[in-house]
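Read the structure below first, then the notes.
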Amino acid sequence: MSPSVVNYFDQYGRPIAAKVIKRKIENPINYLTILVILLSGDIHLNPGPVRHPCTYCYKPVKGNQKALQCDFCDFWTHLKCTELSRGEYTRLSNCDDHFYCFNCSDRLPKFTDSFFIDPFNDRDADSDSDLSISVSTSGESDCDNG
């Protein structure tokens, strides 16, 4: 192993001293691999955003994990991050039902049962109670007497 030379410079760029450092490399294969990767220029210190982030935990959704895609924003959510069982997951995977993530379900309009109640239906129900329909259940008819 050859010693490496380290040069020290003053504030004006003039060399001050040369110092020889001897270093023992414990695992030369790993050292050379890392050195080759660094010299290739293909390493990014900031690799960028996660490719398919989960809408709940923001960790990447991998291809071997069970996940659901939101029908509104097209982002993925881990099955373990949802409140769905495996049976519901299988049913959603095999049909055309919609799935909305937590973020999009907050943006969708809130529909309650009171939204679908017809306010005029209550008035009609009260007026229908005044009408009576007579139905003969005795089996006798006025037409059979003659």
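For what it's worth, the UniProt record's numbering labels the leading residue of the sequence shown as 1, then goes sequentially. By construction, the Cβ of each residue, glycine as well, lies at the ideal position given by its N, Cα and C atoms. All of these numbers come straight from a predicted model, not from anything done at the bench.
Euclidean distance between Cα positions of residue i and residue j
i: residue 31; j: residue 91; result: 51 Å
i: residue 61; j: residue 74; result: 13 Å
i: residue 38; j: residue 53; result: 28 Å
i: residue 97; j: residue 85; result: 15 Å
i: residue 109; j: residue 50; result: 30 Å
i: residue 46; j: residue 23; result: 30 Å
i: residue 13; j: residue 27; result: 35 Å
i: residue 41; j: residue 35; result: 10 Å
i: residue 95; j: residue 48; result: 35 Å
i: residue 33; j: residue 25; result: 13 Å
i: residue 87; j: residue 104; result: 23 Å
i: residue 76; j: residue 82; result: 11 Å
i: residue 93; j: residue 29; result: 47 Å
Top-ranked residue by Cα proximity to residue i, from the options
i: residue 102; options: 41, 68 and 95; result: 68
i: residue 64; options: 89, 78, 72 and 109; result: 78
i: residue 80; options: 108, 14, 98 and 55; result: 55
i: residue 107; options: 72, 14 and 25; result: 72
Beta bridge counterpart(s) of residue i as assigned by DSSP
i: residue 81; result: None, per the DSSP bridge assignment.
i: residue 219; result: This structure cannot speak to residue 219, because the chain is shown only from 1 to 146.
i: residue 69; result: 76
i: residue 60; result: 53
Integer-rounded CB distance, given that residue j should sit under 8 Å from residue i
i: residue 89; j: residue 66; result: 6 Å
i: residue 70; j: residue 99; result: 6 Å
is_contact[residue i, chain C] using C-beta, thresh 8 Å
i: residue 56; result: This model lacks chain C altogether; it includes just one protein chain.
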